[in-house]
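Chains as they are written, first to last, in my numbering: chain A, 1 to 115; chain B, 116 to 260. The structure appears right after this line, and notes come after that.
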């Protein structure tokens, strides 16, 4: 069984949008790390991760995201999250991701707050 | 629909390979839907079942493809009970989730996250050892009162 993510980077003002298509599992690790490295190499200071509303996210994927957050902390980058379902918003709160990244309802809300 | 007899008892057997937990997720979600569970509790069930299956594949069966993960689901009047059994001689105690601050600020391994999520979402979690040395994790999710 294979799983691929399609990730598109877009610069919106001073915010780098990382648009992640597909499920978030341990199999997403290389895709997310490559996308982050790309954003970091572009000098991104503010990163907005966009998820698909219907994405399946498990603990393996959450671990990958936490490790990505560790890198953004080291690099003093601000992180926002959008596109999460109510269920995964709840889980991200439970595991503490919201201590290090803010969840926004919409892209517009995120860009307004982060810009 | 009134749950009764074995009609609401389903069992599936999965290989120990990441991705196959989705079969158990879809099956348990369908059964819970038949039982009238609200969407939010079905989402809780899906995540708890996913983590229990991954846990059994990884820690119980140590990703040995030939070792199966057996998922038994039973729909009762006010609850769904899912038992996930591995065939492993894997770990008997799971690491405690250290919390995100320790992971990020002290570089601690993010182990124990799946079991932490299960305990947060399920109404009850039980552990048993099988006679042939495997382990069963039983998750109970109840209909809201």
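Beta carbons are placed, not taken as given, at the ideal position from N, Cα and C, and that holds for glycine. Predicted model only: the values in this text are computed from it and were never measured.
Alpha carbon of residue 63 of chain A to alpha carbon of residue 260 of chain B, nearest angstrom: When rounded, the separation of the alpha-carbon atoms in residue 63 of chain A and residue 260 of chain B is 34 Å.
Close-in-space but distant-in-sequence residues of the same chain around residue 68 of chain A (CB under 7 Å, 5 per side omitted): The residues are 32 and 36.
Proximity test, Cβ basis, 7 Å: residue 235 of chain B and chain A: Flagged as an interface residue toward chain A: residue 235 of chain B, by a C-beta distance shorter than 7 Å.
Residue 73 of chain A at chain B interface by Cβ criterion, 7 Å: So, interface residue.
Span separating the alpha-carbon of residue 13 of chain A from that of residue 47 of chain A: In a straight line, the C-alpha of residue 13 of chain A is about 11 Å away from that of residue 47 of chain A.
Cβ of residue 147 of chain B within 7 Å of any chain A Cβ: Output row for residue 147 of chain B: interface = no.
Interfacial residues, the segment 38-71 of chain A to chain B, with Cβ spacing under 8 Å: If you check each beta-carbon in the segment 38-71 of chain A against every beta-carbon of chain B, the ones closer than 8 Å belong to 56, 58, 59, 60, 62, 63, 66, 67, 69 and 70.
Residue 94 of chain A and residue 235 of chain B closer than 7 Å at C-beta: For residue 94 of chain A and residue 235 of chain B, yes; Cβs fall inside 7 Å.
Sufficient close CB pairs (3 or more, under 8 Å) joining the segment 155-170 of chain B to the segment 180-195 of chain B: Using a Cβ-Cβ distance cut-off of 8 Å, the segment 155-170 of chain B and the segment 180-195 of chain B are in contact, since at least three pairs of beta carbons, one from each stretch, lie closer than that value.
Contact set for residue 110 of chain A: own chain, Cβ-Cβ below 7 Å, skip 5 residues either direction: Excluding sequence neighbours, residue 110 of chain A sits near 48, 80, 82 and 104.
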